[in-house]
Amino acid sequence: QKEVEQNSGPLSVPEGAIASLNCTYSDRGSQSFFWYRQYSGKSPELIMFIYSNGDKEDGRFTAQLNKASQYVSLLIRDSQPSDSATYLCAVKAGNQFYFGTGTSLTVIP
Amino acid sequence: EADIYQTPRYLVIGTGKKITLECSQTMGHDKMYWYQQDPGMELHLIHYSYGVNSTEKGDLSSESTVSRIRTEHFPLTLESARPSHTSQYLCASRSGAENIQYFGAGTRLSVL
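As given, the protein sequences belong to chains A and B, one line each in that order. Count the first sequence with the working numbering and you get residues 20 to 128, in order. Count the second sequence with the working numbering and you get residues 206 to 317, in order.
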């Protein structure tokens, strides 16, 4: 079983819609959770991080964490074509970081 | 914007060659990491360091070695490159006070 699981997609949404990306993790001791955006051929870029249960909002992005269900999600409101990328979920457990395979998002103009 | 630099950005070499991928950061971060990423796959940790003269192997040591003689510098060496080493190599760093990793632009390696 992988430490971090994501639906690889592709996920397609029309411009202006809400994109919902999901991630589950296996280690209940995980402490910190991150969403990175990665454009094709580029390196990961941090979008959001969340440490506590509940929602955290930053502009058009909202991260949601449910530690009881071992589930973390990312909502992108008013999706733009420039949001088209692969979104990586990452989890810190102990001193290690574990990454999912990423969900490919395409925003259709 | 993160100040972490990787060179070269692209490299094509023949089998059996020894190569060193460079990574430097100017943020004074004590923790540094090397990851390997294949298309559509997760990042795999190759090596990490928590400070000068401290290095540890990750899940995928990939027949490579690292050194950490200076805080800002964390080079990765492949003693004898093989086609199976063809991949993208990402360097990252973070301070001990926070959990956020900052990534360099990556080195895309092709071994023929």
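Glycine included, every Cβ here is placed at the ideal spot set by N, Cα and C.
Between the CA atoms of residue 310 of chain B and residue 1 of chain A - distance to the nearest angstrom
Chain A is shown from 20 up to 128; residue 1 of chain A falls before or after that span and cannot be answered.
Per DSSP, what kind of secondary structure is residue 100 of chain A in: helix, strand or coil? Here residue 100 of chain A sits in helix by DSSP.
Please classify residue 59 of chain A: does DSSP put it in a helix, a strand, or coil?
-> Coil at residue 59 of chain A, not helix or strand.
Identify the contact partners of residue 120 of chain A in chain B, using a Cβ-Cβ distance below 7 Å as the criterion.
Near residue 120 of chain A (Cβ distances below 7 Å), the residues of chain B are 245, 246 and 247.
Exercise. Taking the Cβ atom as the reference point for each residue, do residue 79 of chain A and residue 96 of chain A lie within a distance shorter than 7 Å?
Worked result: Cβ distance < 7 Å, so residue 79 of chain A and residue 96 of chain A count as in contact.
Specify whether the segment 230–245 of chain B and the segment 276–296 of chain B touch according to this definition: at least 3 beta carbon pairs, one from each stretch, less than 8 Å apart.
A contact between stretches requires three or more CB pairs, one per stretch, nearer than 8 Å, and the segment 230–245 of chain B meets this requirement with the segment 276–296 of chain B.
Legend entry - Entirely enclosed beta strand (DSSP E) segments - the segment 35–90 of chain A, minimum 3 residues: Qualifying beta strand (DSSP E) stretches, in chain order: 38–44, 51–57, 64–69, 73–77 and 80–85.
Self-check item: Sequence-distant residues of its chain with Cβ nearer than 6 Å to residue 284 of chain B (five each side left out)
Solution: Residues of the same chain with a CB within less than 6 Å of the CB of residue 284 of chain B, apart from the 5 flanking positions on each side, are 223 in chain order.
Worksheet item: Can you name the residues that DSSP bridges to residue 213 of chain B?
Response: Beta-bridge partners of residue 213 of chain B (DSSP): none assigned.
Next item on the list: Determine the direct distance from the alpha carbon of residue 293 of chain B to that of residue 28 of chain A, and round the result to whole angstroms.
Entry: Spanning the two alpha carbons is a distance of roughly 22 Å.
Q | Listed by chain order, chain B residues near residue 134 of chain A by CB distance under 8 Å | A | Coverage of chain A is limited to positions 20 through 128, which leaves residue 134 of chain A absent and any answer about it impossible.
### Message
Pull the bridge partners of residue 275 of chain B from the DSSP assignment, please.
### Response
Bridge partners of residue 275 of chain B: B:278.
Roughly how far, in whole angstroms, is the beta-carbon of residue 98 of chain A from the beta-carbon of residue 36 of chain A, given that I think they are within contact range, below 8 Å? Confirmed, Cβ separation roughly 5 Å.
Review point. For residue 116 of chain A versus residue 107 of chain A, is the C-beta distance shorter than 7 Å?
Key: The answer is no: Cβ separation not under 7 Å.
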